[in-house]
Amino acid sequence: MSKRILYITPGFPADESDSTCIPALQEFLLEISKNLGGQQIISLNYPGVGDYKWFEHSVKSLGWNNPVKVQKVWLLNFALPALQKFVDENSFDLIHSFWMTDASLIGAKLASYAQVPHVVTIMGQDVKPNLLFKRILRSKPKLIALSAFQERLVRSYGQTAVIPWGLSDHWFPREINKGEVDIVTVGSLIDVKRPEQLLTIVAHLKNDFPAIRAAFIGDGPNRKFLENKSIALGLQDNIEFLGELNRSDVLGHIAKAKLLFHPSRYEGFGMVIIEALALGAQPIAYSTGVAGEIDKVIIINSTDEAVQVAGSYLAGKLPALQYHSDYAISKTVEKYKRLYNKLLE
């Protein structure tokens, strides 16, 4: 059965080389095109205004650039007639929005206008039930959580299902030199990710492993603070700040690491966990997102526990890790295809 699906997202890659913009969504849409062909995508904020092709998909970027609340209301009212015309011209069977924010509000309005089903994938901190969240819920979309952890937070809001993200080998490194880095942390350098915990761990481990090597991959407002603290702790020769890298380089650095430390306070899913497993880097994480659902992930509750676990791994032989096949992107797409078929019966 041929389907015409409209995907709506707050942001989207500017071109096919832009691998850092929502990697999980890119994996999904690359795989969905193998099954359903090219589809239409609306991106609200990024990149700038314009229509373009991304692999097989057609993208309409509105270029809103994350407006403040008053601007959003004006932009939505201004854009809605043109978007309704766009829906009429394409005769979509279903609308699928990402993030329970403006993208899903527009998705709800367009789905109601076209009288078609609306699927919403909750991505991260949009799980918090604010006024916009409740407004979208009134349209009764099919809600998709990325993990059982996330689903427990939203199951009281209506029709929910769990469909985790998955991986392909599209960006994976072809050669891996394991052990060049001891510990790596991947993510934005912001409070919710708690990146400062890596400094604490390395400072403790340096007593037993003077040549320990660690790296931050990612950027953010806390970077300068972390760099200064690293120097104050005497770790400037042990810790490297790599900044924001393209997807292939991120995966290459994970592949070189013995351990992935993921101290985030909250994750809807935690894509880097399954990336680490696929690349043989032992994940150490708090029980958030998918981390607590995979037995190969070592769950910790404090930095003291993280120090103990990391120390035991660095002192011994790193066990070989196999890719967790439950998180293949082909399985993600199959689950969405079954959902689409059910909603369109």
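Under numbering that gives the first Met the number 0, the residue at position 189 of the sequence shown is numbered 188, and the numbers go up by one with no gaps.
Yeah, the Cβ is synthetic: ideal placement off N, Cα and C, and Gly gets one too.
- Under DSSP, A327 takes part in a beta bridge, and its partners are L166.
- When C-alpha distances from V119 are compared across Y335, D325 and E344, the shortest belongs to Y335.
- Counted as a single uninterrupted DSSP element, the alpha helix (DSSP H) harbouring K68 occupies residues K68 to N89.
- Contact between A210 and V180 does not hold, since the beta-carbon distance rounds to 12 Å and is not under 8 Å.
- Judged by DSSP secondary structure, A213 falls within the beta strand (DSSP E) whose first and last residues are A213 to I216.
- Taking a contact to require three or more Cβ pairs closer than 8 Å, the segment 135 to 149 and the segment 101 to 117 qualify as touching.
- A314 is classed as exposed because its beta carbon has fewer than 16 other beta carbons within 10 Å across all chains shown.
- For Q149, the three-state secondary structure derived from DSSP is helix.
- Note on G217: 16 or more other CB atoms within 10 angstroms of its CB, so buried under the neighbour-count rule.
- Ranked by Cα distance from T287, the first of S263, P46, L28 and V306 is S263.
- If you draw a 10 Å sphere on the C-beta of R246, you find 16 or more other C-beta atoms in it, and that means buried.
- With contacts defined by Cβ atoms closer than 7 Å, L342 and P116 form a contacting pair.
- Here E292 has S146, A147 and F148 as same chain residues with Cβ atoms under 8 Å from its own Cβ, once five neighbours each way along the sequence are excluded.
- For K257, the CB contacts under 8 Å within the same chain, skipping 5 residues up- and downstream, are K177, G178, V180, D181, I182, A280, Q281, Y312, L313 and L317 in chain order.
- For S42, the beta-bridge partners assigned by DSSP are T8 and S60.
- The alpha-carbon of D294 is positioned some 46 Å away from that of Q83.
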